[in-house]
Amino acid sequence: MNNFAAVGLLAGLLLTLTATTGGLTGFLFGVVLGGIGLLLGLHRDGTIDLTAVVRSRNRG
1 MNNFAAVGLL
11 AGLLLTLTAT
21 TGGLTGFLFG
31 VVLGGIGLLL
41 GLHRDGTIDL
51 TAVVRSRNRG
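Set out below in structure tokens:
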């Protein structure tokens with residue numbers, strides 16, 4: 001694993017193992033955590049820009 005996207009995806013999936021006990025809910029939770037890890041890894045790689053999403057808008 002040479003890039004942050006793969007590491008982020010793996011980290012999200014490993015967190016799922018510790019947070020769930022199985023079943024459909026566990027599977028869906030794993031998909032969500034894996035997706036979050038993937039997004040953070042892609043952001044760290046510079047493939048996508050998440051700062052536009054989390055940046056507050058000054059509407060003063």
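According to the UniProt record's numbering, the residues represented by the sequence shown are 1 to 60, in order. All C-beta atoms in this analysis are idealised placements derived from N, C-alpha and C, irrespective of residue type, glycine included.
Chain B contact for residue i (CB, 8 Å cutoff)
i, result
"Thr16", "Going by chain labels, chain B is absent from the structure shown, which holds only one protein chain."
Inter-residue spacing [alpha-carbon to alpha-carbon] between residue i and residue j
i, j, result
"Val7", "Leu24", "25 Å"
"Leu40", "Ala52", "14 Å"
"Gly34", "Ala5", "10 Å"
"His43", "Asp49", "6 Å"
DSSP three-state assignment for residue i, whether helix, strand or coil
i, result
"Ile36", "helix"
"Leu13", "helix"
"Arg55", "coil"
"Leu50", "coil"
Buried versus exposed call for residue i [16 or more other C-beta atoms within 10 Å across all chains shown]
i, result
"Thr47", "exposed"
"Phe27", "exposed"
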